[in-house]
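As numbered in numbering that gives the first Met the number 0, residues 0 to 412 make up the sequence shown, in order.
Even for Gly, the Cβ is constructed at its ideal location relative to N, Cα and C.
Below: the structure, in structure tokens.
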Amino acid sequence: MTTATAPSPTSTAPTPHQVWKRARGLLIALLILVIAGITFAAVRSGTNYGHLDPRSPDPKGSRAAAELLKDRGVSVTVATTLDEATAAVGPDTTLLVTGPNLLTPSQQRRLHEATSASTGRTLLIAPGPAAVSRLAPGVRAELHRPVSAIPPSCALPGARSAGTADMGGIRYTAPGSTATACYPSDGTPSLLVRKERGDGDTVLLGSPDFLHNERLDQQGNASLALQLLGSRAHLVWYLPSLTDPSATSDDGSPDGTDDGRTGEETSGDESDFLDLIPSGWLWGTLQLALAAVLAAIWRSRRLGPLVTERLPVSVRASESAEGRAGLYRKANARDRAAASLRAAARTRIARLTGVTAREAHTSHVLLPVVAARTTTTDGELSILLFGPAPADDAALVLLADHLDALEREVRTS
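So, in structure tokens, the structure goes:
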């Protein structure tokens, strides 16, 4: 006896081909994202540095100035912590502070104590009002001005030798002192040199632009950089960092909240905020944006072209009209309701009188034709078909009644 073989159950699991069709778009987008990431990593595989970094060849870097100083026999050392910077100060050392506004109040006070006890030179790049009050007491910082080519207009030998340079930015004054003021912008200096103990001095610069690689060969920028930074045998290039351990207080909380640190401290350099963002985050944001665009393209292709579909239910015209009328009434939009009534009436009347649909809403074409078939005067027709919006709901209802009556008259004429 033979037994019937039971039919194999139909599998509902997707086939490999179906899985591939569903996943290929996502896989292609992922592959493109990986390739883009590898490309970006290869392009930026070298060491990245920020603005005013003496190791950076970027337009906003300062490698060119550092190389010129080295050629003149000045040793250039990079410091990234406050401890390194304060330990290096001395009579034969120039300390360049590129971001004094990034320092907390306690760091600024520590730095001032160390530099004021030294007979070396301290250069502060664009310190804001709050930073100036701690790093150079007695000096006032004023409003930021655009950077431009400015003559020195002072007796400072280094500035006179350099001549016109790209200066401006924050301006400084030292009332009641013998500080040397150079490169005035609107009458107020953007470079201030104040004598300290012995042969030491503090130099306040309103803008760092003359140290940028892209501007060093313009005006007298290179000469001014060599004169200011090369007066001592050693140059310590201090790049303040938010990761500096000295930026936190003893209890581990960020210092400076008790001193009312305000946004004025960052007014010295408009790019300080962008400098605080690591370059990796910027590139990561760009890659995420690229991934979002690719995902949108993939999804839009998968959705396909638009198609028309029948409505699930049929709505009577009267119900639709009542619903729209209710919306107009709720929005108090009598003007739009009247415009809709008049436009529909003009279209129907034009069809009855032989006027084209294009000219149905042109008064000088429609009105004479309608006037010839009705007893209504031209002025009344103009107000009825092209007039202003009704003043109240009662006037709107009356307008609808008159339009209906006009259409009936034209139809039966």
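Problem - Check whether Ala336 and Ala349 have beta carbons under 8 Å apart - result: In this structure, Ala336 keeps its C-beta atom at 8 Å or more from the C-beta atom of Ala349.
Exercise for the section: Starting from Gly322, trace the alpha helix (DSSP H) both ways and give me its first and last residue. Expected result: Gly322 -> alpha helix (DSSP H) spans 316 to 329.
Handout entry: From Arg133, Pro174, Lys59, Ala388, residue whose alpha carbon lies closest to that of Ser115
Key = Checking every option, the nearest Cα to that of Ser115 belongs to Arg133.
Practice task
Please list, in chain order, all residues of the same chain as Gly197 whose beta carbon is under 8 Å from its beta carbon, the five residues on each side excluded.
Solution key: Cβ within range, chain order: Pro90, Thr118.
Exercise for the section: Have a look at Ser176 and Asp208 and give me their C-alpha separation to the nearest angstrom. Expected result: The alpha-carbon atoms of Ser176 and Asp208 are separated by roughly 27 Å.
Exercise for the section: Provide the residue span of the alpha helix (DSSP H) that contains Lys69, from first to last. Expected result: Here the alpha helix (DSSP H) through Lys69 covers 62 to 70.
Problem - Straight-line gap, Arg71 to Gly229 (C-alpha atoms, nearest Å) - result: Distance between Arg71 and Gly229, taken at the CA atoms: about 8 Å.
Exercise for the section: Go ahead and label Pro188 buried or exposed: buried means 16 or more other beta carbons lie within 10 angstroms of its beta carbon, across all protein chains shown. Expected result: Buried: at least 16 other Cβ atoms inside 10 Å.
Exercise for the section: Would you tell me roughly how many angstroms separate the C-alpha atoms of Ala35 and Pro58, rounded to the nearest one? Expected result: Their Cα atoms are separated by approximately 25 Å.
Handout entry: Inter-residue CB distance, Leu366 and Ser381 (contact presumed, cutoff 8 Å)
Key = Contact between Leu366 and Ser381 is confirmed by a C-beta separation of about 6 Å, below the 8 Å threshold.
Exercise for the section: Check whether the region 101 to 109 touches the region 139 to 158, counting contact only when three or more Cβ pairs, one atom from each stretch, lie closer than 8 Å. Expected result: Taking one beta carbon from each stretch, the region 101 to 109 and the region 139 to 158 have fewer than 3 pairs nearer than 8 Å; the two do not touch.
Problem - Check whether Asp243 and Leu81 have beta carbons under 8 Å apart - result: Yes, Cβ-Cβ distance for Asp243 and Leu81 is below 8 Å.
Exercise for the section: On the DSSP bridge assignment, give the partners of Asp165 in chain order. Expected result: Beta-bridge pairing links Asp165 to Ala148.
Problem - CB of Leu38 within 8 Å of CB of His233, strictly - result: Reading the sequence as shown, one finds Thr at residue 38 and not Leu. No.
Problem - Delimiting residues of the beta strand (DSSP E) encompassing His233 - result: In the DSSP assignment, His233 falls within the unbroken beta strand (DSSP E) covering 233 to 237.
Handout entry: Between the CA atoms of Ala246 and Thr420 - distance to the nearest angstrom
Key = Any property of residue 420 remains undetermined from this structure, which presents the chain solely from 0 to 412.
Exercise for the section: Determine the burial state of Asp334: buried for a count of at least 16 other Cβ atoms within 10 Å of its Cβ, exposed for fewer. Expected result: Counting Cβ neighbours within 10 Å, Asp334 comes out exposed, since fewer than 16 surround it.
Problem - Collapsed DSSP secondary structure at His16 in the structure displayed - result: Three-state DSSP puts His16 in a helix.
Exercise for the section: Give the single residue among Thr307, Trp282, Tyr237, Ala404 whose Cα lies nearest to the Cα of Asp52. Expected result: Looking from the CA of Asp52, the closest CA among Thr307, Trp282, Tyr237, Ala404 belongs to Tyr237.
Exercise for the section: Put Asp200 into one of helix, strand or coil per three-state DSSP. Expected result: In the structure shown, Asp200 sits in a strand (DSSP, three-state: E or B).
Problem - Rounded separation between Arg410 and Asp403 - CA only - result: Straight across, the Cα-Cα distance linking Arg410 with Asp403 is about 11 Å.
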